[in-house]
Structures are given as structure tokens and as C-alpha cells.
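What follows is a single structure, written as C-alpha cells, with notes after it.
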Amino acid sequence: MAAKTASASLERGATKRRNFSKNKSEPGLPPLTSMMDAMTIILLFLLKSFSTEGSIVSASKDLQLAISDTDIKAERSMSLSISRNAILIDDKPVVLMSEVHSSDQLMIDKLYTFLEKQAELQKKVEQSTGRPFKGEVTIQVDKDVNYDSLLKVLFTSAQAEYSRQRLLVIRNE
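This note's numbering puts the first residue of the sequence shown at 134, with every later residue one more than the last.
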């Protein structure tokens, strides 16, 4: 009797093994484990290649930035662009470059007035939100703009309380 029970139990075990080893997925479909592995690999690749920084500034269409080997990343601040035709703040023209070239002064009056108003506005925002006014400006300069024009813009923005100036360039890869 004991031998009969042992053989019956062995047969049940063999039957369970046979049923377990059979592929229960439909023909033509890969096994679920392989698909989960592939999806996990794809997900990890996408997460690794995803950039959380995003675009901080956008270059104007008539602006070609200089190329540099810097590793410093751009930070969010007011955007000032110097193109061949005009000086723009947040994509709004403030001064024509012909006016900048014709003047012998370091101070660009129209730009100074506009920047002073912006500084006052940001100081009011500082009082209501508690975010400190840092006096930061990101300057995008076309690679063909001469040094005298750049110097005038740097001087004017520093006089208008924007002394923390960053020049935006394209990183050479």
C-alpha cells in the first residue's frame, strides 16, 4: 500500500511538472517575462537620456552665437540679445544698433532707461514674493557684433543695477 501511495504521488508530481513547463501563452507571442525585460531596458534608457534642464533661453533668428568650450550651464535670468540690427530684451527691440554705433558715449541712454524700469519692477516683485533681486542678466551676442558695442551694453547694464552678467555661447562639442 505504501508503494502504491508513493508511485501515485510521483505520478502527480510528474504531471504537475509537465503542465508547468508547457508554454501557456498564445502561439506567436513572446513570453511575458521577455517583454517585461525589454520594456524595463527601454524605460531605463529613456529616463537616463531625459533632460530636466530644458531650454532656458531661445536665440533670436537673426542671431548667431559664438562657440566656446565652457562647461558652465545657463541659469534663468533676464535675457538681453545683441543682434546685428538691434538690442533686444526678452525679444522686444529697445535700441537700434545704428544708434549704438553713432554714439561715442559708453552709456546707451534708451537701454539704461529700460533696464532701470526693469530693475524697479523686479524690486517690487521682490517685496511681494520674497525672491531677492540679484541683478542678473544673460547676454546673447551675435558673433559678428564688434567689441565696442558689446562693451557699451556691458557698461550700461552694470550702471542700471545689472552687474551680474553672463554671456551666452554655444558649447563646442
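For glycine and all other residues, C-beta sits at the position ideal for the given N, C-alpha and C.
Starting from residue i, trace the alpha helix (DSSP H) in both directions and tell me its first and last residue.
i: Glu232; result: Met230 to Ser235
i: Ile174; result: Leu165 to Ser182
i: Ser282; result: Tyr280 to Gln292
i: Leu244; result: Asp242 to Thr262
Tell me, please, which residues DSSP counts as bridged to residue i.
i: Met211; result: Val270
Determine the direct distance from the alpha carbon of residue j to that of residue i, and round the result to whole angstroms.
i: Thr166; j: Gln255; result: 56 Å
i: Lys250; j: Met169; result: 58 Å
i: Val286; j: Ser212; result: 13 Å
i: Glu253; j: Pro265; result: 12 Å
i: Gln292; j: Gln238; result: 13 Å
i: Gln260; j: Val270; result: 20 Å
i: Leu283; j: Ile215; result: 8 Å
i: Asn218; j: Val278; result: 9 Å
i: Ile189; j: Leu301; result: Unreliable positioning characterises Ile189 in this predicted model, as indicated by a pLDDT of 49, which lies under 50. The coordinate reading is nonetheless provided below. Between Ile189 and Leu301, the C-alpha separation is close to 11 Å.
Less than 6 Å between the CB of residue i and some heavy atom of the ligand HEM, yes or no?
i: Lys181; result: For the ligand HEM, the structure offers nothing, since it holds no ligand at all.
Going by Cα to Cα distance, which pick from the options is closest to residue i?
i: Val319; options: Leu239, Phe247, Gln238 and Asp237; result: The displayed coordinates of the chain run from 134 to 306. Any statement about residue 319 would go beyond what the structure contains.
i: Asp275; options: Ser182, Ile175, Phe178 and Leu221; result: Leu221
In the DSSP assignment, the beta strand (DSSP E) including residue i goes from what residue to what residue?
i: Ala219; result: Ala219 to Ile222
i: Gln298; result: Arg297 to Leu301
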